[in-house]
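Peer 1: Dumping the structure here so I can ask a few things about it.
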Amino acid sequence: MNLVWKIKQRSCNKIKKYKVENNNPISRDRIINDLVPKQFGKRGMIWTSILILICLIGAYAYYRQLTKGLVVTNMRDYVSWGIYISNFVFFVAISLVGSLITAILRLADVHWSTPLTRIAEIIAVSAIVFASLIIIVDMGRPERFMNLFLHGRLQSPIIWDVTVITTYFFISLFLLYLPLLPDLKILIAHRKPSVNKFHKLYVFLGSFWKGHKEQFRLNDKSINILCVMIIPVAFCIHTVTSWLFATTYRPGWDSTNFGAYFISGAFLVGAGAVVVAMYVFRRYYKLEKYITEFHFEKMGKIVVMLGLLYLYFNINEYLIPAFKMKKAEEEHLRELFSGSYSIMFWFAIFVGMLIPIFILITKKGRKPLPMFIAGIMVVVGAWFKRYLIVTPTLLHPFLPMQNVPESYKHYFPSWEEWAIAMGSLAGALLVITFFVRILPIIPIYETIIEQNEESQKDIAV
Amino acid sequence: MKKAKKTLRYNLLLVLVISIFLPTLVNAQAASNETAILKLHYFNINNNVQYLLLESSTKKNKVFTPQKNILYKVYLDTVSNSNLISSIKTNDAGKAKMFFPPYLKSHWDKSSTHMFIVMKGDEEVLTDYYITKARLEIDTTTIDEIKNITVKVSKEDNGKLFPVPDVEMKVGIQRLVGVLSGGDEETYTSDSSGVVTVPFTKINMPGDSLGNLILVAKIEDNETLGNITVEKKAKWGVPMVLSEDFFSKRELWSTRFRSPYWLLFMAYAIIIGVYSTLIYLIVQLVKTIKIGKQGPPPLV
Amino acid sequence: MSESNKDHHNSRRNFLIGGISSAAALAGCLDNNHSFKTDEPVQLTGEKVKLLSVDGDIIEIDRAFLKPVPDLPSLTNDEERKGIAGKKFVMVIDLARCKNLRKCQSACNHMHQIHPGQNWIKVLGMEDSIHSAPYWQPTTCMHCDEPPCVKVCPVDATFKRQDGIVLIDSDRCIGCRFCMAACPYSTRVFNWEEPQLEEKVAEQHYSCETSMPQKKGTVGKCDFCPDMSRKGELPHCVQACPNGVFMFGDLNEDSVTNGSETFRFSDLIKEKAGYRLMEDLGTKPSVYYLPPVNRNFPYESGLENQTKEL
């Protein structure tokens, strides 16, 4: 595909819209100045320190777990998977957004999403990294991790999961890196090496990018291939993750609906996370000109659509078993609907789905601040939803829970589990924070192209 | 340092307290009714090999504990060095198994009934175990297409064999750790002529690969005869049918070396497809890098 | 295989088939339980010992048979994973005989040094519906023929053997606990902390067949005691039960025994309408249950032990 032609097309579309909002296109230097990574301010430092502190507490908790064993958790023989696994599912879910924003919208020739692609991709990469880490944390024998490769058994869905997560990580990394190349050239040229803290890193990553037409052509082609490829792989990571549950017989997990249910949920929480990130970056880095209300409007509609989709799958997932009330399901569903998990269950349904949908369905609700609140609700609701998918099922085995100590019959995470789970969430945020410190969160080059209709050819970046 | 001293002091105190109370504790334990149980069993296998099995344990509050590593001496009839069967220690299960050494031959041949004496140190702990030499014979007959197992018990008296009536025994097929009765009764008792006849009702029992069954007659813990077992092979069963070769199956539960073909095909097709594309992309990236090394593009 | 080994093997095989020779009988006769013939050759010493026979003759026997339990050659991990050829172990649990004494449980816990509070055998007080009669159900690992736990294991740490037994290799297990989630019978337990073992046990060489010594961060479960089978003895739970609830045997031989009684398996299942748990899941268990009809004990007699736990 001819890049120049494409850029022209894209820019034409784009600029019409921008013109409505901002009468004057922003100049090249201004864009670069606005978008190059900036040093942390005071708030940035506080934020980073808090994240590091949470990570350290998590690391200490993990040290305790390593020395004493998984006994420091409150998982026991019945609830053998707890908050670690629900956190894992949450991470995998959130990482799916990379494919949504970048690939699906790009292939659908939707161009307003350009400023959001990198946000989505970095969320995807950091989430998938911490998904793999948290699964190692959950292992009773982390030092035998290599057994997965030495003795890997193709019949096990865990091996499928390991394979697709690794693959998805590489593809996401690629998809983060390739569009970054033109920006790296800008970053290298932006300041003198002496004042440029990360000059060496930029040179290492992208000094070969000289802006040849051929380079653009190759890169563009690669990105297109990646966009096509990442969609099925992204579907795989979440479908396979759902199969970790759906391949068992347990009530609440034994469902043919599970893959689609998980994917729709992942799209929703991923989109919610992007909305939150959009708002935060826009506020903090003063990017109002680049992440406009138009973007919020569009993302808001997407979140509503995904929310309705997830609601549909939830109704499927709970109404149909509840209609039949098979013996094994009955106890489980009663516990969710009106039992000890009912508050969390209805919280996840209302706060995670219904209320955000109602907020975003109105035009006023799609302004940045209400969107931010709705985004937070979606993400928090989604986290609890994952907890509800994992834990209550395990407390309803087929045979009665007897001949075990009382503590085996309940589950509430221990402080070590909370610390590790929160530490992993903080770690993911930390990765994103450092990324923003080092590399531009909004693609500079593409923004420049889109802002200057006149002389794209001259911008030999 | 100070702390260490303090700990030491506590430890000394603890030792002192224990040493004061320990004797009373031990006495208290001995006082509670712990009984030592010693059992001796005589085994005669196929009227050929014979051995003794000693079981030593203690019983306390209905719980049996095996007495490990205790030295016992077992004698034939009288306590003398020439009559020593074995001087043996019990194993972890509290058991000791002993055979009859050849030098007992003359003594063994002398009498039809023998007594066994177990000594623990200088104490005779078991003296009332008597065994009369006996013979158990098993045979198979088929009358009017009805298969029968015939067993005859006889014991020795003054060098001659006499039939023994009223001996309870199991007659059947030797199976894993048990004897499956050949007829309809669980056990059988010998008649006045010392004979048990069991009509064989276990039709089509799986035997070995040729259909052979091992028929056994087994007297267990008889007061005068001890434990006697005889075996006879008979082609009364059907050849054992073993399921098809277990290790050639390719199932979802098979090992990683035997994944089902459809799974291998699917998995590798996907993996090869995706990773060859990734490799292609890396090649593209390398091309991009090479172009970059040529220097900056000419300005238009 | 070296020539001499072959000889040993052959000689062992011969008397296995013959079964009549004195050596064979000896090999089989360990205490009261007689001649279980595994295909595992007894490790012969080659040293002959002279003995006095019943008839007063002098006979010769290999020293290996003189021990209470003949030494079996120590098995390689590979052999442990393959299992005993020609066997298909099966268990029958007669619910009419169980009064929740839990001797099976305590014997199993003791022999396998299971963590306090955890059990490989659970005696469950079952009541299927409000109006149906309650009963005690000892629950072991079902050693399924379509084991869902083995299907999901990512590293071949749990595996099915040719003799039907599902075992765990604690040297391989990564502790992902997927098998625990997959098992519908909730039979698996996890070593959440360093197991408290007797020194002697902790030092012994790990074997999948004994499941000992257990290891921190790995999964454990009922193993049908294949080490006992190799020695010609019944599993610990079967031996410990005073009421003869458990019957263990070889499906290929079509018989099961609780030590004192031996039944033809097919007759027993037919006459007493034996069944397996959760047949609808398609797991094909190796453990059969006989329904609690014509009970030896009323259900209430077992409540004493139940309340003790709570």
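For the record, the sequence lines run as chains A, B and C.
With the first letter of the first sequence counted as 1, position 109 gets the number 108 in numbering that gives the first Met the number 0; the numbers rise by one all the way through.
With the first letter of the second sequence counted as 1, position 77 gets the number 76 in numbering that gives the first Met the number 0; the numbers rise by one all the way through.
With the first letter of the third sequence counted as 1, position 20 gets the number 19 in numbering that gives the first Met the number 0; the numbers rise by one all the way through.
Ideal Cβ placement from N, Cα and C applies to all residues, glycine included.
Let me see if you follow: with CB-CB separation under 7 Å, is Glu278/C close to chain B or not?
Peer 2: By one-based count along the third sequence, residue 278/C stands at place 279. Judged by the 7 Å Cβ criterion, Glu278/C is not in contact with chain B.
Peer 1: Indicate whether the contact test is met: 3 or more Cβ pairs, each with one atom in the stretch 198-210 of chain A and one in the stretch 256-269 of chain A, closer than 8 Å.
Peer 2: With a cut-off of 8 Å, the stretch 256-269 of chain A and the stretch 198-210 of chain A do not count as touching, because too few Cβ pairs lie within range.
Peer 1: Quick check on Val273/B - is its C-beta less than 7 Å from some C-beta in chain A?
Peer 2: As a first step, residue 273/B is located in the second sequence; it is residue number 274 there, counting from the start. Closer than 7 Å to some Cβ of chain A, the Cβ of Val273/B qualifies, so yes.
Peer 1: If you draw a straight line from the alpha carbon of Glu299/C to that of Leu69/A, how long is it in whole angstroms?
Peer 2: Here residue 299/C corresponds to residue number 300 of the third sequence, with the count starting at 1. Here residue 69/A corresponds to residue number 70 of the first sequence, with the count starting at 1. Near 38 Å, if we compare the C-alpha coordinates of Leu69/A and Glu299/C.
Peer 1: I'd like the ranges of any alpha helix (DSSP H) spanning at least 4 consecutive residues and lying wholly in the stretch 384-440 of chain A.
Peer 2: If we require 4 residues or more, the alpha helix (DSSP H) runs fully inside the stretch 384-440 of chain A come out as 414-437.
Peer 1: Apart from the five residues on each side of it in sequence, which residues of its chain come closer than 7 Å, Cβ to Cβ, to Thr392/A?
Peer 2: Translated into the one-based positions of the first sequence, residue 392/A becomes position 393. Around Thr392/A: Arg249, Pro250, Gly251, Trp252, His331.
Peer 1: Where are the alpha helix (DSSP H) runs, 4 residues long or more, that stay fully inside the stretch 254-293 of chain C, in chain order?
Peer 2: Whole alpha helix (DSSP H) segments, 4+ residues: 264-270.
Peer 1: In the DSSP assignment, find the beta strand (DSSP E) that holds Leu233/C and state where it starts and stops.
Peer 2: Mapped onto the third sequence, residue 233/C falls at position 234. That residue, Leu233/C, is in no beta strand (DSSP E); it is neither H nor E in DSSP.
Peer 1: Consider the Cβ of Leu25/C: report whether some Cβ of chain B lies at a distance smaller than 7 Å.
Peer 2: Along the third sequence, one-based indexing puts residue 25/C at 26. Below a pLDDT of 50, predicted positions are generally treated as unreliable, and Leu25/C, at 42, falls in that range; the measurement from the model is reported next regardless. Interface residue, yes.
Peer 1: Determine the contact status of Ala239/C and Lys102/C, defining contact as a CB-CB distance below 7 Å.
Peer 2: Taking the first residue of the third sequence as 1, we reach residue 239/C at position 240. Taking the first residue of the third sequence as 1, we reach residue 102/C at position 103. Yes, these two residues count as a Cβ contact at 7 Å.
Peer 1: Assuming Tyr129/B is part of the beta strand (DSSP E), what are its boundary residues?
Peer 2: Within the second sequence, residue 129/B is the residue found at index 130, counting from 1. Run containing Tyr129/B: 122-131, per the beta strand (DSSP E) assignment.
Peer 1: Quick check on Phe63/B: does DSSP put it in helix, strand or coil?
Peer 2: For this step, residue 63/B is matched to residue 64 along the second sequence. The answer is strand: DSSP assigns Phe63/B an E or B state.
Peer 1: Looking at the secondary structure, which residues open and close the alpha helix (DSSP H) in which Thr461/A lies?
Peer 2: Residue 461/A is absent from the structure shown; chain A starts at 0 and stops at 460.
Peer 1: Compute the Euclidean distance between the alpha carbons of Pro137/C and Pro101/B, then round it to the nearest angstrom.
Peer 2: One-based indexing of the third sequence puts residue 137/C at position 138. One-based indexing of the second sequence puts residue 101/B at position 102. Cα to Cα, Pro137/C sits roughly 50 Å from Pro101/B.
Peer 1: Could you tell me the boundaries of the beta strand (DSSP E) in which Ser180/B lies?
Peer 2: The residue given as residue 180/B occupies position 181 in the second sequence. Counting along the chain, the beta strand (DSSP E) containing Ser180/B begins and ends at 177-180.
Peer 1: For Val273/A, tell me which candidate among Leu428/A, Val389/A, His198/A has the shortest Cα-Cα distance.
Peer 2: Translated into the one-based positions of the first sequence, residue 273/A becomes position 274. If we check each option's Cα against that of Val273/A, Leu428/A comes out closest.
Peer 1: Any beta-carbon of chain C closer than 7 Å to the one on Ile51/A?
Peer 2: Start at 1 with the first residue of the first sequence, and residue 51/A comes out as number 52. Judged by the 7 Å Cβ criterion, Ile51/A is not in contact with chain C.
Peer 1: Using 7 Å as the threshold, is the C-beta distance between Ala53/A and Met277/A below it?
Peer 2: Here the question's residue 53/A lines up with position 54 in the first sequence. Here the question's residue 277/A lines up with position 278 in the first sequence. In the sequence under discussion, the amino acid at residue 53/A is Ile, which differs from the Ala named in the question. No, the Cβ-Cβ distance between Ile53/A and Met277/A is not below 7 Å.
Peer 1: Using a Cβ-Cβ distance under 7 Å, would Lys220/C count as near chain B?
Peer 2: Translated into positions along the third sequence, residue 220/C becomes position 221. By this cut-off, Lys220/C is not an interface position.
Peer 1: Hey, is Lys49/C's beta-carbon within less than 7 Å of any beta-carbon in chain B?
Peer 2: For the purposes of this step, residue 49/C is taken as the residue at position 50 of the third sequence. Yes, Lys49/C lies at the interface with chain B (some Cβ there is under 7 Å from its Cβ).
Peer 1: Quick one: which residues of the stretch 29-49 of chain B get their C-beta closer than 8 Å to a C-beta of chain C? List them in chain order.
Peer 2: Listed by position, the residues of the stretch 29-49 of chain B near chain C (Cβ gap below 8 Å) are His40, Phe42, Asn43, Ile44, Asn45, Asn46, Asn47, Val48, Gln49.
Peer 1: Counting only runs that start and end within the stretch 137-201 of chain A, where is the alpha helix (DSSP H) found for 4 or more residues in a row?
Peer 2: Correct list: 146-149, 156-176, 180-189.
Peer 1: Pop quiz: Ala82/A and Glu416/A are said to be a contact at Cβ under 8 Å. What is the actual Cβ separation, rounded to whole angstroms?
Peer 2: Looking up residue 82/A in the first sequence gives position 83. Looking up residue 416/A in the first sequence gives position 417. Looking at the sequence shown, residue 82/A is not Ala but Ile. Indeed they touch by this definition, with Cβ atoms about 5 Å apart.
Peer 1: Candidates Asp160/A, Thr72/A, Glu328/A, Thr47/A: which alpha carbon is nearest Val88/A's?
Peer 2: Residue numbering aside, residue 88/A sits at position 89 when the first sequence is read from its first letter. Of the candidates Asp160/A, Thr72/A, Glu328/A, Thr47/A, the one whose C-alpha sits nearest the C-alpha of Val88/A is Asp160/A.
Peer 1: Alpha carbon to alpha carbon, how far is Glu449/A from Arg29/A?
Peer 2: Taking the first residue of the first sequence as position 1, residue 449/A is located at position 450. Taking the first residue of the first sequence as position 1, residue 29/A is located at position 30. The alpha-carbon atoms of Glu449/A and Arg29/A are separated by roughly 14 Å.
Peer 1: What residue range does the alpha helix (DSSP H) around Thr157/C cover?
Peer 2: Position 158 of the third sequence holds residue 157/C. No alpha helix (DSSP H) contains Thr157/C, which is instead part of the beta strand (DSSP E) from 157-159.
Peer 1: Our contact map puts Pro369/A next to Asp182/A with C-beta atoms below 8 Å; I'd like the distance itself, whole angstroms only.
Peer 2: The sequence position of residue 369/A within the first sequence is 370, counting from 1. The sequence position of residue 182/A within the first sequence is 183, counting from 1. In fact, because the Cβ distance is near 32 Å, the residues do not count as touching under 8 Å.
Peer 1: Report the residues of the stretch 101-124 of chain C with a CB closer than 7 Å to any CB of chain B, ordered along the chain.
Peer 2: Within the stretch 101-124 of chain C, no residue qualifies.
Peer 1: If we define contact as Cβ-Cβ less than 7 Å, is Leu132/A a contact residue for chain B?
Peer 2: Locating residue 132/A in the first sequence gives position 133, counting from the first residue. Leu132/A does not count as touching chain B.
Peer 1: Report the option in Leu180/A, Asp76/A, Ala126/A, Ala321/A whose CA atom is closest to the CA atom of Gly139/A.
Peer 2: In the first sequence, residue 139/A corresponds to position 140, counting from 1. It is Asp76/A.
Peer 1: Straight-line CA distance for Asn9/C to Val215/B?
Peer 2: Against the third sequence, residue 9/C aligns to sequence position 10. Against the second sequence, residue 215/B aligns to sequence position 216. A caution first: Asn9/C carries a pLDDT of 39, below 50, which makes its placement in the model unreliable, though a value can still be read off. Looking at the two C-alpha atoms, the distance is approximately 24 Å.
Peer 1: Determine the chain B residues that contact Pro284/C at a beta-carbon separation under 7 Å, and present them in chain order.
Peer 2: Against the third sequence, residue 284/C aligns to sequence position 285. Within 7 Å Cβ-Cβ: nothing; Pro284/C doesn't reach chain B, min ~14 Å.
Peer 1: Which residues share a DSSP beta bridge with Tyr310/B?
Peer 2: Because chain B spans 0 through 299 in this model, residue 310/B falls outside it and cannot be assessed.
Peer 1: Report all residues from its chain with a CB closer than 7 Å to the CB of Val275/A; omit the five preceding and five following residues, and keep chain order.
Peer 2: Here residue 275/A refers to the residue found at position 276 when the first sequence is read from its first residue. Correct list, in chain order: Phe371, Gly374, Ile375, Val378.
Peer 1: Return the chain-ordered ranges of every beta strand (DSSP E) run that is complete within the stretch 64-129 of chain C and spans a minimum of 3 residues.
Peer 2: 88-93, 121-125, all fully within the stretch 64-129 of chain C.
Peer 1: For chain C, is any of its Cβ atoms less than 7 Å away from the one on Tyr444/A?
Peer 2: If you number the first sequence from 1, residue 444/A lands on position 445. It does not; no Cβ of chain C falls within 7 Å.
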